[in-house]
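Numbering (the working numbering), first residue to last: 574 to 885.
In this text, a Cβ means the ideal position worked out from N, Cα and C, and glycines have one as well.
Computed from a predicted model, the values in this text were never measured in an experiment.
Everything below concerns the one structure shown next.
Below you can see the structure in the form of structure tokens.
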């Protein structure tokens, strides 16, 4: 825990950061130095370069109790992302709290795969033209959107896409709505729907989606107790656990997706590496013409890509 002075004098930014790191290190956090810097950036409002230049400047007294509170929460095991209250995803600064999953690098891979699939079939990628407003040429859906991470990444990178973002959790949609409000121009092409998977979508979209993407729950009930405490004790259970097998949500989406995708449309799903063969079989049984698996940044099989035949 930090204290307001050092040897009877106010503390510098460097001293406060060092003591925050010491507290985190004592709590068993391996990345204590880096996380202490992030917490200090949050509290001070200074970026890394500014903190480096002003490291030996005295910090305002009001900084200390704010930093203390954040360090205490992190040392107790709360995920850094929730402590900060926001996190970067695909270049977007997203609000996050225990109502939604923390955006992870694995899901950034899902976003990149989804975007590349639409590039493959000829859709353009790039930032939106400020003059185009809400004009769109095709529609995609992010099922179980949580914070809105995937939906906003797609909207930001695919200027011609209308994006539907759905979730059955009203609390999660509140976070997604806040992130839409802060996302600027791409958010005008995103609409939110409350409900379970495809049930949240308007019926007139059936058979007309060019892409369906999702990071669904895929943890089995028996696996939940063995999750890391930072995940198990803080992240929303329903966004993690699918059911007894862990495949329930994946199966539902895969089985229903062909009815909602247009001919040539693509389904992109995040899953656990040990679920790959089961998911591949489900996609084949659902009638997808082409199924492949992509790897995450650690080289683990992580993303199901299932394509409808262009002939329907």
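Shortest Cα-Cα distance from residue 674 to any of 749, 698, 708, 827 involves 749.
Looking only at 878, 783, 834, the smallest Cα-Cα distance to residue 855 is reached by 878.
In the structure shown, residue 683 adopts helical secondary structure according to DSSP, grouped into three states. Take residue 643, set aside five residues on each side of it, and the residues of its chain with a beta-carbon closer than 6 Å to its own are 612, 656, in chain order.
Residues 782, 783, 784, 881 of the same chain have their beta carbon placed closer than 7 Å to that of residue 838, with the five preceding and five following residues left out of the count. Of the candidates 858, 818, 777, 746, 746 places its Cα closest to the Cα of residue 669. Under DSSP, residue 664 takes part in no beta bridge, so it has no partner. Around the CB of residue 788, 16 or more other CB atoms lie within 10 Å, so the residue is classed as buried. Shown here, residue 870 sits in coil according to DSSP, grouped into three states, outside any helix or strand. In the three-state reduction of the DSSP assignment, residue 716 falls in the strand class, which pools E and B. Listed as beta-bridge partners of residue 711 by DSSP are 734. The criterion of a C-beta distance shorter than 8 Å is not satisfied by residue 841 and residue 819. For residue 827, there is no enclosing beta strand (DSSP E); the enclosing alpha helix (DSSP H) covers residues 821-833. The Cβ atoms of residue 790 and residue 812 sit closer than 8 Å to each other. Around the CB of residue 806, fewer than 16 other CB atoms lie within 10 Å, so the residue is classed as exposed. Taking residue 602 as reference, the option from 650, 671, 634, 687 with the minimal CA-CA separation is 650.
In its chain, beyond the 5 residues on either side, 663 have a beta carbon closer than 6 Å to the beta carbon of residue 681. Judged by beta-carbon spacing, residue 616 lies within the 8 Å limit of residue 640, meaning their Cβ atoms are closer than that value.
Close CB contacts of residue 661 within its chain, under the 6 Å cut and outside five residues either way in sequence, are absent.
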